[in-house]
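Numbering (the numbering used here), first residue to last: 1 to 408.
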């Protein structure tokens, strides 16, 4: 995904000066790229003639195993099968670095847990060059609030919240940059655990505003025991946004005999993270191929509307880029460049809180009201009549300061 440019347009309107930020904005932060392109907890156990040779072989095998996991992270198994064979030299060029999280060694044996970071642009170039359909996260990281219910009540920020510690472990990895925020200042903490446990629409919206994200996941855990003394874990997931809706519900885990509590909790977290990543891939996989254009008009009432529209549109992965033809305080004329069929575009829009409707001989793009997970789904428009065979793009703005082209 090439770098996107952030452009600003300043338009004079009757009410005064209206400043609009045009475009998709900057690419996700490098730290987010590092998360998506890092494979953690790669386990290697190699025996060779000596420990130095075993270590060298473990690193080579770890890079290869991490690469295979990364390919399955970004694409489907069917698509991954078509990726050209990568030589050891090419693989070395794709790896940014290898970190050793844990290691044990003897004279001839080397055991290690590795973290392998790949070069984001190199991986993108490889997939594009092979015409492989793949997917990346776009937008702000989803926030996870892990609430642990105890006899004394729910806890969230407390140091003894082992459930939160599990969510901050390497068990959380994948396409979706699930983020557990740091505890806020003490003045902001009162009743946070209770508010998260309640997960009312007002509380969810407040958390979303605090962390400036459209996705808030609440994971409420209750630890119990079976009759034979094994630990159990009941987790209820709810929240705000399409990711929370995709995995909302309650699931139960049971510890294996002799399994440590921290390992047990991390296993549950890994299962939930896997389900979230799978749902994101299933709903957002972008097909390969040339882009199609669609002209739309987006009604606006001011800068907040435009910023919200831009934020949501940036998450629609089938939209590769868009051009801004004209913009004012009341509307924006856009040309969307998207891949796939139009029904897929409309579905992707709905999943990200946008609705396309056909009215008065043009397409209208509007923000839909998002519902919390488990609540009523946003109302989608009735079936629209098909558009004319050719949809003309909006005329370029005559204002020399109006935003021009926006690319991802």
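C-beta: ideal position from N, C-alpha, C; glycine also.
It should be emphasised that the depicted structure is a prediction, and the values quoted were computed from it without experimental measurement.
Whose C-beta lies closer than 8 Å to the C-beta of residue 257 among residues of the same chain, with five residues either side of it excluded?
230
Rounded to the nearest angstrom, how far is the Cβ of residue 163 from that of residue 175, given a contact under 8 Å?
Between residue 175 and residue 163 the Cβ distance is about 23 Å, and since that is not below 8 Å, they are no contact.
Under three-state DSSP, which class holds residue 179?
strand
Rounded separation between residue 364 and residue 135 - CA only
27 Å
Taking 8 Å as the cut-off, does the region 324 to 336 touch the region 289 to 304 (at least 3 CB pairs, one atom from each stretch)?
yes
Determine which residues share a DSSP beta bridge with residue 295 and list them.
335
Does the separation of the CB atoms of residue 352 and residue 315 fall below 8 Å?
yes
Cβ of residue 87 versus every heavy atom of the ligand NAP: is any distance shorter than 7 Å?
Ligands in the displayed structure: none, and consequently the ligand NAP is not present.
What alpha helix (DSSP H) runs, 4 residues minimum, are completely inside the region 55 to 127?
77 to 80 and 88 to 94
Which residues does DSSP pair with residue 135 in a beta bridge?
Answer by DSSP bridge pairing: none, since residue 135 is not bridged.
DSSP puts residue 44 in a beta bridge; with which residues?
112
Hey, is the region 319 to 328 in contact with the region 337 to 350, meaning 3+ C-beta pairs nearer than 8 Å?
yes
In chain order, what residues of the same chain lie with their CB nearer than 6 Å to the CB of residue 173, ignoring the 5 residues before and after it?
40
Taking contact to mean at least 3 C-beta pairs separated by less than 8 Å, is the region 77 to 85 in contact with the region 93 to 109?
no
Enumerate in chain order the residues of its own chain whose CB-to-CB distance from residue 312 is below 8 Å, with the five nearest sequence positions on each side excluded.
214, 352, 353, 354 and 367
Name the DSSP bridge partner or partners of residue 363?
296 and 358
Decide if residue 179 is buried, meaning its Cβ has at least 16 other Cβ atoms within 10 Å, or exposed.
buried
Please report the straight-line C-alpha distance between residue 145 and residue 234, rounded to a whole angstrom.
16 Å
Quick check: the Cα distance between residue 72 and residue 291, rounded to an integer number of angstroms?
24 Å
In the structure shown, what three-state DSSP assignment does residue 188 receive?
helix
Run through the DSSP bridge pairs and tell me what residue 324 is partnered with.
334
How is residue 245 classed by DSSP in three states: helix, strand or coil?
helix
Counting along the chain, where does the alpha helix (DSSP H) carrying residue 233 start and finish?
Where residue 233 is concerned, there is no enclosing alpha helix (DSSP H), although the beta strand (DSSP E) it sits in stretches over 231 to 240.
Own chain, CB closer than 6 Å to residue 252, minus 5 neighbours either side, in chain order
234
Pairing CB atoms from the region 191 to 209 with CB atoms from the region 233 to 249, are three or more of them under 8 Å?
yes
Excluding sequence positions up to five away, which residues of its chain have a Cβ less than 8 Å from the Cβ of residue 264?
231, 233, 253, 255 and 256
Can you name the start and end residues of the beta strand (DSSP E) that residue 146 belongs to?
143 to 150
Consult DSSP for residue 170 and reduce its assignment to one of helix, strand or coil.
coil
Going straight from the alpha carbon of residue 53 to that of residue 46, what length do you get?
9 Å
Could you please give me the residues that DSSP links to residue 317 through a beta bridge?
In DSSP, residue 317 forms no bridge with anything.
If you follow the beta strand (DSSP E) that residue 217 is in, where does it begin and where does it stop?
216 to 225
Based on Cα-Cα distance, which residue from 250, 132, 350 and 156 lies nearest to residue 188?
156
Out of curiosity, what's the CA-to-CA distance linking residue 60 and residue 246?
37 Å
Can you tell me the Cβ-Cβ gap for residue 42 and residue 95, rounded? I've got them flagged as a contact below 8 Å.
The Cβ separation is near 12 Å, so there is no contact.
Anticipated Cβ contact below 8 Å, residue 75 with residue 133, distance rounded
6 Å
Close-in-space but distant-in-sequence residues of the same chain around residue 48 (CB under 7 Å, 5 per side omitted):
54, 57 and 108
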